[in-house]
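Asks: Sharing a structure here in structure tokens format.
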Amino acid sequence: MRFSWGEIRARAATFADEWKDASYEKGETHSFYNDLFEVFGVKRRKVASFEEPVKLLGAKRGFIDLFWKGVLLVEQKSKGRSLLPAKTQALDYFPGLKDDDLPRYILLSDFQSFELHDLEEDAPPIKFKLHELPSHVEAFAFILGVQRRTFKDQDPVNIKASEIMGELHDALKASGYTGEDLERYLVRLLFCLFADDTGIFEPRDIFSELIRDRTRDDGSDVGPWIQTLFEVLNTPEKQRQTKLDADLKQFSYINGDLFAARLPVAAFDKDMREKLLVACDFKWDAISPAIFGSLFQSVMNAKERRAAGAHYTTEKNILKLIQPLFLDELWADFERLRQRRDTSKNKLLREFQDRLAGLRFLDPACGCGNFLIIAYRELRVLETEVLKALNPKGQRQLLDVALLSKVDVNQFYGIEIGEFPARIAEVALWMMDHIMNVRLSLEFGQAYARIPLVASPHIRHGDALEVDWAALLSPAECSYVLGNPPFIGAKYQTDEQRGQVRRIAALGGSGGTLDFVAAWFLKAGAYVGKSTATIGFVATNSITQGEQVAQLWPLLFDRYKLEVAFAHRTFAWGSDARGVAHVHVVIIGLAKAGHEPKTKRLFSYSDINGDPIESGHQALSPYLFDASGLSNRHLVIEETSKSLCDMPKMIIGSKPIDGGYLIFDDAERDDFLSKEPSAKRFMRPFIGGVEYLHSRGRSILALQDATPSELRNMPLVIKRLKEVREYRRGERPAKKKADTEPKPPGISARKLADTPAQFHVTVLPVAPFLAVPENSSETRQYLPIGWLEPPIIPSNKLRFIKDADLWHFGILTSRMHVAWLRYVGGKIKSDFQYSIGIVYNAFPWPTVAENQQTKIRTLAKAIIDNRNKFEGCTLAELYDSTIMKPQLLKAHQALDVAVDRLYRGTAFTSDRERVEHLFGVYERMTAPLEVIAAAPKPRPRQR
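Heads up: the sequence shown begins at -14 in this note's numbering, then just goes up one per residue.
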């Protein structure tokens, strides 16, 4: 700031005295506001205009008394006039203003009274008399580019900022300014744009004025001017050339290595200059530094985002992690101190502030720093409250606010594989530091800015799975490991990524099928070692379901001695950026055994897009439910090759790996057979999960029994077989999406190339079979299963049982089995994925008498009978939870009650309660002697 707050208050007192007799709206308004802006050292004509014309509703036009686009609208009245109609008049101007020009503040005045409305804060207006202006000057800090910000998820201004930066990037890249130089250049421009609007550069808008007033319209000298500015920002004032241009001389020394490296001069043209001016005109003080990650994402294409596993996040979702990780506990501790009334209160508060300053945070996949930025902001908010408690109002006059704050950006550490996002993280942390310094200034009425930059965040550019985290931050010093590692599934990893995961997991054998994110959990577990640092990561929900649980969690529990401290069950993770990424995730908090909280917090979502319900537990399972009833809270479900309860074998259907060349929809089949009628005997219905649920037709050429002579007489079939051979060899792309591998043909397909008429997995049923779709929507209350019969061939997207009866149908379609599937089975996004080895083979079936089985068969048949009443309806329609027929629902509910009673006499209140009970059964079933020995003795019944 050009003046300190003390000087501004003194100038405000002089202003109030000079204008104490002002009263006439028409004659004195211009001079009055010119002088008011001068109180803050700002020329009114540089930012605001008088009598701004605006279109009102209808054909009328009006004139705004004073208008600063996007910032301030003033409605002035003569002395003694009511300000109530003035506000109505001010708001009447809004429909005629462009969205970008809508002001945040409305000031109403009659010279002697003021009423300031902040339209972004849910608070009453600030009202005061002219002589009280010195006590209220901080409310006008926005004139200096200093103001409080309330950041919102998906704020349109954030999205607009992303678009502006993306266009500037594209223009520079098209001109030949590329690679890391372009990335560094954009980071510097971003800092200058932000600094120009927030009081880092003084006076305000000097960067915008430099570009607008000192560069040529054709843009030819923009690059040299910016290059010189970068050098000035990297040079202390005392070391600058004495003949330096006056407009450049007023820029402060920044330091922090931000402008240290010399970059090539960018060659601008007229269009590029205009894009830069658009960026200059944007109000960068209105956005959160956390959105700078999305600015980076806006210049990446979708393929690059998938390759990087990049999902930039909303502040709301970041808080879901950092609040239970550390913030809630710190606030609770502070509130206890604030409520104390003894003489030790201030001493304890100062010790608490030192504790905040001693915390160290590591994000080993920091991207553009969103988690570090929000964590730093929240830590500074808490520290400010501590300082306010230590220094109540009325006792702050002699304080040096620069000596008050101890929390700084050098407490934050990150590792990032991309250099550009790593640099963004550094700059965004500095920007958040400035915002928080402004907030502290507003609280204590003093100017405070950490310029030049002295403390720096520790952001290392490197591959976090290869570098030594301890070399960046000693585990003994680390307080929290947090972040949002990349979400690349096992099937989508590169060979290098898969190799990294398998090396870190060291599972042996085939190496496992862990998602990429699992490597960060394992490396974090090794990193924290004997320290007491707590881990909090966002992850795909796949690590808490399906086959990955048994691979990952014993390592975390046994190898690294970690316990689940808190968790969020599956919810939708959003993004603020262009090309919004929505994935289904969990949040896992891990603490060292012996240091975990007594009560483990679990956040559950009835609506994955809604807010969670919190519950407290003594222990949490890796499947994210209460584990306090288990003897072994680390229990995981092991994949097994046959049913633990000796049930009929379940297998998958045929897997052709044919690239779609043997598969036909109904129209394709009819056309093919019209030209090759001899193939009709070999054309059989081919049903997968989608076809089964939606009654869609599809066929496949099943040529396993065709003789050479029969094949020789079918030239179109021979042509298809040649195409299958070429596909399997990798010489021909897939014809269309089929039930094949998600990637180009692998080793198994190439081995089949010389026998194109054979499937990779061949299943040709000769009797009716019970079909279970591999995938089913999580919105369905029940698993839609049923019987199919030859000549249907099930695809590998169906699981089926050859010798099933109504007893098996009844158990598998019950809520009890669906609860098991919901918690134990894997998921595609949030849809169920039915695994034979875990969901079916490991399922604890009840041990019952024949008469009980007979009852289940009777209730199961009632379900089939009710389905048959709705001939022509698909299973997807019958089991749509919003339109499910009451009689079918009642039939299922009757079966549910009967199945529940097979497990225990008292009713279950939820699916989570069902699966908790099933885990107890599974535990006794798989380790009976160990469990019985470890089981607690029953308590005597209370009289």
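Backbone N, C-alpha and C fix where the C-beta goes; we use that ideal spot for every residue, glycine too.
Is F397 near L425, with beta carbons less than 9 Å apart?
Replies: For F397 and L425, no; Cβs fall outside 9 Å.
Asks: Count the other C-beta atoms from every protein chain shown that fall within 10 angstroms of the C-beta of N594, then say buried if there are 16 or more, exposed otherwise.
Replies: Label assigned to N594: exposed.
Asks: What residue from F244, I239, N240, T213 has the CA that sits closest to L229's CA?
Replies: L229 has its Cα closest to that of T213, out of F244, I239, N240, T213.
Asks: Using the beta-carbon count (16 or more within 10 Å), is S390 buried or exposed?
Replies: Buried, because 16 or more other Cβ atoms sit within 10 Å of the Cβ of S390.
Asks: Where do the ends of the alpha helix (DSSP H) carrying R936 lie?
Replies: This structure gives no information on residue 936, because the portion of the chain shown stretches from -14 to 928.
Asks: Looking at chain C, is there any beta carbon in it that lies within less than 9 Å of the beta carbon of F551?
Replies: Considering every chain present, this structure includes no chain C. It has just one protein chain.
Asks: Since L58 and P88 are thought to touch, with beta carbons under 8 Å apart, how far apart are those beta carbons, to the nearest angstrom?
Replies: Their Cβ separation, rounded to whole angstroms, is 4 Å, which keeps L58 and P88 in contact under 8 Å.
Asks: Taking the C-alpha atoms as reference points, what is the distance between L243 and E404?
Replies: Each residue's alpha carbon lies about 13 Å from the other.
Asks: Sorted by chain position, which residues of the same chain lie with C-beta nearer than 8 Å to K508's C-beta, five sequence neighbours on each side aside?
Replies: Same-chain partners within the cutoff: P349, A449, L450, W454, I489.
Asks: Using the rule of at least 16 other Cβ atoms within 10 Å of the residue's Cβ for burial, across every protein chain shown, is Q224 buried or exposed?
Replies: Looking at its Cβ environment, which holds fewer than 16 other Cβ atoms inside 10 Å, Q224 is exposed.
Asks: In three-state terms, what does DSSP make of T911?
Replies: Helix at T911.
Asks: Taking a contact to mean a Cβ-Cβ separation below 9 Å, would you say I622 touches V549 in this structure?
Replies: Contact: no.
Asks: Do three or more CB pairs link the segment 604 to 620 to the segment 683 to 699 at distances below 8 Å?
Replies: Cβ pair count under 8 Å is below three, so no.
Asks: Is the separation between the beta-carbon of T517 and that of K577 shorter than 9 Å?
Replies: In this structure, K577 lies closer than 9 Å to T517 by Cβ.
Asks: If you drop the 5 nearest sequence neighbours on each side, which residues of the same chain put their C-beta closer than 6 Å to that of I520?
Replies: For I520, where only same-chain residues beyond five positions count, the Cβ hits under 6 Å are V466, A509, L575.
Asks: Is it buried or exposed, E908, if we count other Cβ atoms within 10 angstroms and call 16 or more buried?
Replies: Answer is buried; the Cβ neighbour count reaches 16.
Asks: Between S166 and P249, is the Cβ-Cβ spacing less than 9 Å?
Replies: The displayed chain sequence assigns Asp, not Ser, to residue 166. Taking 9 Å as the Cβ cut-off, D166 and P249 qualify as a contacting pair.
Asks: Exposed or buried, L880, counting other C-beta atoms within 10 Å across all chains shown (16 or more means buried)?
Replies: Buried: at least 16 other Cβ atoms inside 10 Å.
Asks: In the structure shown, what three-state DSSP assignment does T555 receive?
Replies: Three-state DSSP puts T555 in a strand.
Asks: How would you call G514, buried or exposed, if buried means at least 16 neighbouring beta carbons within 10 angstroms?
Replies: When all chains shown are included, G514 counts as exposed.
Asks: Quick one, are the C-beta atoms of I827 and R897 less than 9 Å apart?
Replies: As written in the sequence, residue 827 is Ala, which differs from the Ile given in the question. No, the Cβ-Cβ distance between A827 and R897 is not below 9 Å.
Asks: Contact defined as beta carbons within less than 8 Å: I believe E60 pairs with L93. What is the distance between those atoms, to the nearest angstrom?
Replies: Contact holds; Cβ gap of about 5 Å.
Asks: Buried or exposed for G857, please, with buried defined as at least 16 other CB atoms from any protein chain shown within 10 angstroms of its CB.
Replies: Burial call: exposed.
Asks: Between which two residues does the alpha helix (DSSP H) harbouring Q482 extend?
Replies: Unbroken alpha helix (DSSP H) run through Q482: 480 to 490.
Asks: Kindly indicate which residue of K114, Y90, F125 has the alpha-carbon position closest to the one of S98.
Replies: Cα-wise, what sits closest to S98 is K114.
Asks: Please list, in chain order, all residues of the same chain as R199 whose beta carbon is under 7 Å from its beta carbon, the five residues on each side excluded.
Replies: Excluding positions up to five away in sequence, the list reads W210, D232.
Asks: Cα-Cα, which of P188, S34, T227, A75 is closest to V27?
Replies: Among P188, S34, T227, A75, the Cα nearest to that of V27 is on P188.
Asks: Specify, as a first and last residue, the run of the alpha helix (DSSP H) that P406 falls within.
Replies: 404 to 429 is the span of the alpha helix (DSSP H), which, as asked, contains P406.
Asks: Drop a sphere of 10 angstroms on the beta-carbon of P221, count the other beta-carbons inside from all chains shown, and report buried for 16 or more, exposed for fewer.
Replies: It counts as exposed.
Asks: Which whole runs of the alpha helix (DSSP H) in the segment 814 to 881 are 4 residues long or more, in chain order?
Replies: For the segment 814 to 881, whole alpha helix (DSSP H) runs of length 4 or above, ordered along the chain, are 835 to 853, 860 to 863.
Asks: Straight-line CA distance for T725 to K782?
Replies: Legend: pLDDT at T725 = 46, less than 50; position of this residue unreliable, value from coordinates given subsequently. In a straight line, the C-alpha of T725 is about 10 Å away from that of K782.
Asks: How big is the Cα-Cα spacing for E370 and A7?
Replies: Whole-angstrom Cα-Cα distance: 40 Å.
Asks: Residue range of the alpha helix (DSSP H) that V709 falls in?
Replies: Where V709 is concerned, the enclosing alpha helix (DSSP H) stretches over 700 to 713.
Asks: Pull up the distance between the alpha-carbon of P471 and that of N698, whole angstroms please.
Replies: Approximately 53 Å, taken between the alpha carbons.
Asks: Per DSSP, M632 forms a beta bridge with which residues?
Replies: DSSP output for M632 lists no bridge partner at all.
Asks: Between the C-alpha atoms of L357 and G343, what's the straight-line distance to the nearest angstrom?
Replies: L357 and G343: Cα-Cα distance of roughly 15 Å.
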